[in-house]
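Participant: In mature numbering (1 follows the signal peptide of the UniProt record, and there is no 0), the protein residues as written are -22 to -1, 1 to 386. Note that CB positions come from ideal geometry on N, CA and C, so glycine has one too.
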Amino acid sequence: MRSLRPGLDFVMVALLLRQVLATIRHSREIIITDAVRRIQHDGYNVEQHTVITKDGYVLTLHRIPQVQLDANGTLYTVLRRPVVFLLSGLYASSDVWLLNGREDSLAYLLWRAGYDVWLGNNRGNIYCRHNLWLNTTEREFWNFSWHEMSVYDMPAQIDHILRTCGVARMHFVGISQGGTVFLVLNSMLPQYNAVFKTATLLAPVAYVSNTQSGLAKIIGPILGTRNYVSKMLEGIEMFSTNKFFKKFLSMTCLDNEKPLVCITRLWPAVGYDTRFLNKTLLPDLMANFPTGGSVKQLMHYFQGYVSTKFRQYDYGPERNWLHYQQLEPPEYALENVSTPVTIFFAENDYIVAPADIWRLVTRLPNVEAVYKVPWKRWNHFDFICGLGVREYIFDNIVLSMNRYEQRR
């Protein structure tokens, strides 16, 4: 395990102060709830792509391409560069990779390092609310968990990126559920391991039996088992994606001198220790999270909390037999994940406990590095919006990818 701790504390203070000042300027400029508008506002070229999964869901991807302008500076040609695919977490969208502003967001750091950056989305979030055969008012539309995202959404997006860019391989970065989806994809469809040069997983959620989440401890035993309530909730949307409501919440944060009200809304998701949360980003964060999804996604995690296993969705003995030809759902074959994996985790993570991270590490056959964030109070959301996240996580990701590309 490697340490990220700097040699001198005053260096950390200086870096944090720089990021705070930059994000204060960014957060006061404008609150944007659309990735295309945000990327354009931040001064980068952007493309929006649409793909369709095998089961009919219409997904939107956002691309920040490397381009070369013509002599008049009007038309551009997309240049072939190393590709990186970023995937967000539970009930989030591609916007989370942009919230730290034009200087410090991971997507922009990778672009400035010369990468062709793709931001993925999954069914149910604000960019993926269409299906060829189903409406969002139908229960069947919402009858999915992160398993379907892994075996349907991921292949559709990956195949489209490879075709569009004319490349055979790419880098991957996923946070939280983004890590879950990556692990399930390569467990279930191991041929996709060959597609990834490297994979960086920030607080990946796989095993959750040691989670400190109050939701898991209180609601998990109910929604993580087969009963009338959990069956009824399988086809239900989890969060509204009403933009006007989200803008109201974000403006409340903006006008509130003490952002405690905003922070308390995040407690169920990130825990009660928000010392490192960059509070100047709260208006943007509240405008762009949560962005929609199904209750079944959360219930699938609750099932893992109850069973202490990382396995497919439990439909009960009878339906399990129809789905899996066995009474219990099969565990994911993590030994199939042969992609070189780097993992970042935190001791104080409210969602992913260190014990569960180490249990995951012992099952993965090709773990290149495991980084423990040095600050004891670093929490789950800090991997996206924490003070110092650029200097001690994002910059390390860029350097690691650069080293890989230089070896090739």
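If Leu255 sits next to Leu77, beta carbons under 8 angstroms apart, how far is it from one beta carbon to the other, in whole angstroms?
Facilitator: In the sequence shown, residue 255 corresponds to position 277, counting from 1. In the sequence shown, residue 77 corresponds to position 99, counting from 1. Actually they do not touch by this definition, with Cβ atoms about 12 angstroms apart.
Participant: Return the first residue and the last residue of the beta strand (DSSP E) that Ala333 is part of.
Facilitator: The residue you call residue 333 lines up with position 355 of the sequence shown. It is not in any beta strand (DSSP E) - Ala333 instead sits in the alpha helix (DSSP H) that spans Pro332 to Arg341.
Participant: Rounded to whole angstroms, what is the Cα-Cα separation between Glu325 and Ala194?
Facilitator: Working through the sequence shown from its first residue, we reach residue 325 at position 347. Working through the sequence shown from its first residue, we reach residue 194 at position 216. Cα to Cα, Glu325 sits roughly 18 angstroms from Ala194.
Participant: Quick check on this structure: which residue in Ser123, Leu112, Gly192 and Ser72 has the alpha carbon closest to the alpha carbon of Ile153?
Facilitator: By one-based count along the sequence shown, residue 153 stands at place 175. Among Ser123, Leu112, Gly192 and Ser72, the Cα nearest to that of Ile153 is on Ser72.
Participant: What do you reckon, are the CB atoms on Gly294 and Phe288 nearer than 8 angstroms?
Facilitator: Residue mapping note: residue 294 aligns to position 316 of the sequence shown, counting from 1. Residue mapping note: residue 288 aligns to position 310 of the sequence shown, counting from 1. For Gly294 and Phe288, no; Cβs fall outside 8 angstroms.
Participant: Is it buried or exposed for Pro133, if we count other Cβ within 10 angstroms and need 16 for buried?
Facilitator: By one-based count along the sequence shown, residue 133 stands at place 155. So Pro133 ends up on the buried side.
Participant: Spatial neighbours of Ile139 within its chain, please: CB distance less than 7 angstroms, with the 5 preceding and 5 following residues excluded, ordered by chain position.
Facilitator: Taking the first residue of the sequence shown as position 1, residue 139 is located at position 161. Result list for Ile139: Val61, Phe63, Trp96 and Met148, in chain order.
Participant: Exposed or buried, which one is Gly21 when buried takes at least 16 other CB atoms within 10 Å?
Facilitator: Counted from its first residue, the sequence shown places residue 21 at position 43. By the neighbour-count rule (16 or more Cβ atoms within 10 Å), Gly21 is not buried but exposed.
Participant: Between the Cα of Asn188 and the Cα atoms of Val159, Val284, Ser123 and Met166, which residue gives the shortest distance?
Facilitator: Taking the sequence shown and counting its residues from 1, the one referred to as residue 188 is at position 210. Of the candidates Val159, Val284, Ser123 and Met166, the one whose C-alpha sits nearest the C-alpha of Asn188 is Val284.
Participant: Given 8 angstroms as the limit, is there contact between the segment 335 to 343 and the segment 302 to 309, that is, 3 or more CB pairs closer than that?
Facilitator: The segment 335 to 343 is not in contact with the segment 302 to 309.
Participant: With three or more beta-carbon pairs closer than 8 angstroms as the criterion, would you say the segment 164 to 181 touches the segment 311 to 324?
Facilitator: Contact holds: three or more Cβ-Cβ distances are below 8 angstroms.
Participant: Taking the C-alpha atoms as reference points, what is the distance between Asn380 and Asp373?
Facilitator: For this step, residue 380 is matched to residue 402 along the sequence shown. For this step, residue 373 is matched to residue 395 along the sequence shown. Rounded to whole angstroms, Asn380 to Asp373 spans 11 angstroms at the Cα level.
Participant: Alpha carbon to alpha carbon, what distance is there between Val24 and Thr142?
Facilitator: The sequence position of residue 142 within the sequence shown is 164, counting from 1. The sequence position of residue 24 within the sequence shown is 46, counting from 1. If I take the Cα positions, the gap works out to 14 angstroms.
Participant: Is Met210 buried or exposed, if buried means 16 or more other CB atoms sit within 10 Å of its CB?
Facilitator: Here residue 210 refers to the residue found at position 232 of the sequence shown. Its Cβ having fewer than 16 others within 10 Å, Met210 is exposed.
Participant: Is the Cβ-Cβ distance between Gly213 and Asn103 less than 8 angstroms?
Facilitator: Numbered from its first residue, the sequence shown carries residue 213 at position 235. Numbered from its first residue, the sequence shown carries residue 103 at position 125. No, Cβ-Cβ distance for Gly213 and Asn103 is not below 8 angstroms.
Participant: Leaving out five residues on either side along the sequence, give the residues of the same chain with a beta carbon under 8 angstroms from the beta carbon of Ile197.
Facilitator: For the purposes of this step, residue 197 is identified with residue 219 of the sequence shown, where counting begins at 1. Within the same chain, Ile197 has close Cβ partners Phe280.
Participant: Output needed for Glu215: all residues of its chain with C-beta closer than 8 angstroms, excluding positions within five of it in sequence on either side, in chain order.
Facilitator: Position 237 of the sequence shown, counting from 1, holds the residue named residue 215. Taken in chain order, the residues that qualify are Gly102, Thr114, Trp120, Gly270, Gly271, Ser272 and Val273.
Participant: Using a threshold of 7 angstroms, is the CB atom of Gly67 nearer than that to any non-hydrogen atom of the ligand COA?
Facilitator: Summarising the ligand content, the structure contains no ligands, and the ligand COA is consequently not present.
Participant: What are the partner residues of Trp96, as DSSP defines its beta bridges?
Facilitator: By one-based count along the sequence shown, residue 96 stands at place 118. Paired residues: Arg41 and Phe63.
Participant: Apart from the five residues on each side of it in sequence, which residues of its chain come closer than 6 angstroms, Cβ to Cβ, to Arg117?
Facilitator: On the sequence shown, residue 117 is found 139 positions in, with the first residue counted as 1. Taken in chain order, the residues that qualify are Gly213.
Participant: CA-CA distance, Leu342 and Leu161?
Facilitator: Counting from 1 along the sequence shown, the entry for residue 342 is found at position 364. Counting from 1 along the sequence shown, the entry for residue 161 is found at position 183. Those two C-alpha atoms are separated by around 9 angstroms.
Participant: Span of the alpha helix (DSSP H) holding Glu296?
Facilitator: As a first step, residue 296 must be located in the sequence shown, where it is residue number 318. Start and end: Pro295 to Tyr302.
Participant: Among Leu377, Ala13, Leu110 and Pro182, whose alpha-carbon lies nearest the alpha-carbon of Thr31?
Facilitator: Position 53 of the sequence shown holds residue 31. Cα-wise, what sits closest to Thr31 is Leu110.
Participant: How is the beta strand (DSSP E) around Leu140 delimited, first residue to last?
Facilitator: Residue numbering aside, residue 140 sits at position 162 when the sequence shown is read from its first letter. Careful: Leu140 lies outside any beta strand (DSSP E), inside the alpha helix (DSSP H) at Met132 to Cys143.
Participant: Who are the near neighbours of Ser165 in its chain, counting only those whose CB is closer than 7 angstroms to its CB and skipping five residues on each side?
Facilitator: Here the question's residue 165 lines up with position 187 in the sequence shown. Same-chain partners within the cutoff: Tyr310, Ala311, Leu312, Asn314 and Val315.
Participant: Kindly list the residues whose CB is nearer than 6 angstroms to the CB of Arg90, restricted to its own chain and excluding five residues on each side of it in sequence; keep chain order.
Facilitator: In the sequence shown, counting from the first residue as 1, residue 90 sits at position 112. Here the set comprises nothing.
Participant: As a quick exercise: from Ala177, Arg41 and Pro268, pick the residue whose alpha carbon is nearest that of His27.
Facilitator: In the sequence shown, residue 27 corresponds to position 49, counting from 1. Out of Ala177, Arg41 and Pro268, Arg41 has the C-alpha closest to the C-alpha of His27.
Participant: How far does the beta strand (DSSP E) with Val315 in it reach, from first residue to last?
Facilitator: Translated into positions along the sequence shown, residue 315 becomes position 337. Here Val315 belongs to no beta strand (DSSP E), and DSSP marks it neither H nor E.
Participant: State the Cα-Cα distance for the pair Ser378 and Ile371, rounded to the nearest angstrom.
Facilitator: Mapped onto the sequence shown, residue 378 falls at position 400. Mapped onto the sequence shown, residue 371 falls at position 393. Going from the Cα of Ser378 to the Cα of Ile371 covers about 11 angstroms.
Participant: What are the partner residues of His27, as DSSP defines its beta bridges?
Facilitator: As a first step, residue 27 is located in the sequence shown; it is residue number 49 there, counting from the start. BP columns for His27 point to Leu39.
Participant: My guess is that Ile321 and Leu84 are in contact by the Cβ rule of under 8 angstroms, so how many angstroms apart are they, rounded?
Facilitator: The residue labelled residue 321 in the question sits at position 343 within the sequence shown. The residue labelled residue 84 in the question sits at position 106 within the sequence shown. Ile321 to Leu84, Cβ: 16 angstroms. No contact.
Participant: For the beta strand (DSSP E) containing Gly79, name the first residue and the last one.
Facilitator: As a position in the sequence shown, residue 79 is number 101, starting the count at 1. Not the beta strand (DSSP E): Gly79 falls in the alpha helix (DSSP H), residues Gly79 to Asp82.
Participant: In three-state DSSP terms, what is Glu383?
Facilitator: Counted from its first residue, the sequence shown places residue 383 at position 405. Glu383 falls in the helix class under three-state DSSP.
Participant: Is it buried or exposed for Lys354, if we count other Cβ within 10 angstroms and need 16 for buried?
Facilitator: One-based indexing of the sequence shown puts residue 354 at position 376. The residue is exposed, with fewer than 16 neighbouring Cβ atoms inside 10 Å.
Participant: Suppose you measure from the CA of Leu87 to the CA of Tyr328; what does that come to, to the nearest Å?
Facilitator: Here residue 87 refers to the residue found at position 109 when the sequence shown is read from its first residue. Here residue 328 refers to the residue found at position 350 when the sequence shown is read from its first residue. Rounded to whole angstroms, Leu87 to Tyr328 spans 27 angstroms at the Cα level.
Participant: Less than 8 angstroms between the CB atoms is what I'm expecting for Arg59 and Tyr93, so what's the real figure, rounded?
Facilitator: Sequence index remark: in the sequence shown, residue 59 carries index 81 (1-based). Sequence index remark: in the sequence shown, residue 93 carries index 115 (1-based). 6 angstroms between Cβ atoms; contact.
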